[in-house]
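Peer 1: Sending over a structure as structure tokens; questions will come in a sec.
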Amino acid sequence: MFMLRSIGLLLFTGVVFAAGTVTNDTRISSTVLGYDLQYRVYAPAGYDSLSDLPVLYLTDGPGFISEGRMPHVLDKLIADQNIGPIVAVFVDARNPDNLRDNRRNAQFLCNKEYLKFYVDELIPEIEENYPVNSSREGRAIMGLSFGGLNAACFGLFGVDTFSGLGMLSPANHPVPALLSAYAEMPLLPLKIFLSTGRPDDNTQANRKFRTVLQEKGYDMKYIEVTQDHNWDNWRPLLDDVLLYFYAREK
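Residue numbers (the numbering used here): -1 to 248.
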């Protein structure tokens, strides 16, 4: 597969498709968190003539780009008309002035200030600059490991902001009350993708989480794979997540 992203084309097995674009890092100064962050945005081909696009926010964004190769997954699914055009925002948890300083542990463990950063600062900036749907129904949040935990927390605390939760191998142990919170709260209007690997991927805890969500009656897709806590597990699931949230009816 040969990529021609620099001129806005993709060549898949001899067929040329229009490719989306991925911005360079954009810095955002957060008053809520008291420090700067950065993010990159995938916009589908021709997005400037489109409107009301769904938007998917991804924590640990650089990993989804470099290890997950998610922009290429999006290009292929959109080109094949398996999903409609969407915008994806890849949020970087690292200090933009020192990339070895990763703040994900402070941000992802049910940090309500991190959610407030999205609600008050990041989402308004994206909606000002891209033709995205500005309702909760148009927004989903996705992450892996502690990022999956973050998505679960955003579901509880940010249900007015996000309607979709993508959770790849969520590592929920730092917030042991999470499962009981989902069990005890009224059913929330959320669509949930949950995955885990086996045998060494928080497997038993995520099976319990699946059971809690199923018994509560959530709209959910659960996938279990024979890989551990790594990108060999997560990379093949990216199209499953995207199809679950954004598949076109044929």
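Think of the CB as a built atom: it goes at the ideal place given N, C-alpha and C, for glycine as much as any other residue.
Small disclaimer: the values here were computed from a predicted structure and weren't measured.
#1: Output the distance between the C-alpha atoms of Gly153 and Gly162, rounded to the nearest integer angstrom.
#2: What does a CB cutoff of less than 6 Å around Ser4 pick up in its chain, not counting 5 residues either side in sequence?
#3: How far does the alpha helix (DSSP H) with Phe160 in it reach, from first residue to last?
#4: When we look at the beta-carbon of Tyr116 and count the other beta-carbons within 10 Å, is it buried (16 or more) or exposed?
#5: Express the C-alpha separation of Leu185 and Lys206 in angstroms, rounding to a whole number.
#6: Looking at the structure shown, is Tyr244 part of a helix, part of a strand, or coil, going by DSSP?
#7: Kindly indicate if chain D contains any beta-carbon less than 7 Å away from that of Val20.
#8: Going along the chain, which unbroken runs of the alpha helix (DSSP H) with 4 or more residues stay wholly within the segment 96 to 180?
#9: What do you reckon, are the CB atoms on Ile40 and Leu72 nearer than 7 Å?
#10: Decide if Arg246 is buried, meaning its Cβ has at least 16 other Cβ atoms within 10 Å, or exposed.
#11: Would you say Leu188 and Gly156 are within 7 Å of each other, going by their C-beta atoms?
#12: Which one or two residues does DSSP pair with Leu211 in a beta bridge?
#13: Is Val223 closer than 7 Å to Tyr180 when the C-beta atoms are compared?
#14: Are at least three pairs of beta-carbons, each pair with one atom in the segment 117 to 129 and one in the segment 84 to 94, less than 8 Å apart?
#15: Ignore the nearest five residues each way along the sequence and tell me which others in Gly215's own chain have a CB closer than 6 Å to its CB.
#16: Since Gly195 is in the beta strand (DSSP E), which residue starts that stretch and which ends it?
#17: Considering only the alpha carbon of each residue, which of Ser47, Gly61 and Pro42 lies closest to Val53?
#18: Rounded to whole angstroms, what is the Cα-Cα separation between Glu119 and Ser28?
#19: Cα separation between Thr201 and Gly195?
#20: Rounded to whole angstroms, how far is the Cβ of Trp229 from the Cβ of Gly66, which I believe are closer than 8 Å?
#21: With a threshold of 7 Å on Cβ separation, who are the neighbours of Ile221 within its own chain once the five nearest residues in sequence on each side are excluded?
Peer 2: Judging by the given coordinates:
#1: Here residue 153 is taken as the residue at index 155 of the sequence shown, counted from 1. Here residue 162 is taken as the residue at index 164 of the sequence shown, counted from 1. Rounded to the nearest whole angstrom, the C-alpha separation of Gly153 and Gly162 is 8 Å.
#2: In the sequence shown, the residue the question calls residue 4 occupies position 6. Interpretation of Ser4 is limited by its pLDDT of 37, a score under 50 that renders its predicted location unreliable; no figure is taken from the coordinates.
#3: Numbered from its first residue, the sequence shown carries residue 160 at position 162. Taken as a continuous stretch (DSSP letters only), Phe160 belongs to no alpha helix (DSSP H), as it is neither H nor E.
#4: As a working note, residue 116 is residue 118 in the sequence shown. Classification for Tyr116: buried.
#5: The residue labelled residue 206 in the question sits at position 208 within the sequence shown. The residue labelled residue 185 in the question sits at position 187 within the sequence shown. Computed Cα separation, rounded: 17 Å.
#6: Indexing the sequence shown from 1 puts residue 244 at position 246. If DSSP states are grouped into helix, strand and coil, Tyr244 belongs with the helices.
#7: The chain inventory of the structure shown lacks chain D, comprising one protein chain alone.
#8: 102 to 106, 110 to 115, 121 to 127 and 144 to 155
#9: On the sequence shown, residue 40 is found 42 positions in, with the first residue counted as 1. On the sequence shown, residue 72 is found 74 positions in, with the first residue counted as 1. Note on identity: in this sequence residue 40 is Tyr, with Ile being the wrong assignment. Yes. Within cutoff.
#10: Residue 246 sits at position 248 when you count from the first residue of the sequence shown. Here Arg246 is exposed. Its C-beta has fewer than 16 other C-beta atoms within 10 Å.
#11: Mapped onto the sequence shown, residue 188 falls at position 190. Mapped onto the sequence shown, residue 156 falls at position 158. No, these two residues do not count as a Cβ contact at 7 Å.
#12: Looking up residue 211 in the sequence shown gives position 213. Paired residue(s): none; Leu211 is not in a bridge.
#13: As a first step, residue 180 must be located in the sequence shown, where it is residue number 182. As a first step, residue 223 must be located in the sequence shown, where it is residue number 225. Using a Cβ distance threshold of 7 Å, Tyr180 and Val223 do not count as a contacting pair.
#14: Contact between the segment 117 to 129 and the segment 84 to 94 is present: three or more C-beta pairs spanning the two stretches fall below 8 Å.
#15: To locate residue 215, count along the sequence shown from 1; it is residue 217. Once the five neighbours on either side are set aside, the close Cβ partners of Gly215 are Leu185.
#16: Taking the first residue of the sequence shown as position 1, residue 195 is located at position 197. From DSSP, the beta strand (DSSP E) with Gly195 extends over Lys189 to Gly195.
#17: Stepping through the sequence shown from its first residue, residue 53 is reached at position 55. Taking only the C-alpha atoms, the option nearest Val53 is Pro42.
#18: As a working note, residue 119 is residue 121 in the sequence shown. As a working note, residue 28 is residue 30 in the sequence shown. About 7 Å.
#19: Residue numbering aside, residue 201 sits at position 203 when the sequence shown is read from its first letter. Residue numbering aside, residue 195 sits at position 197 when the sequence shown is read from its first letter. Annotation: Thr201 to Gly195 spans about 6 Å, alpha carbon to alpha carbon.
#20: What you label residue 229 is simply residue 231 of the sequence shown in a count that begins at 1. What you label residue 66 is simply residue 68 of the sequence shown in a count that begins at 1. About 7 Å separates the two Cβ atoms, so the contact holds.
#21: One-based indexing of the sequence shown puts residue 221 at position 223. For Ile221, where only same-chain residues beyond five positions count, the Cβ hits under 7 Å are Ser193, Leu235 and Asp238.
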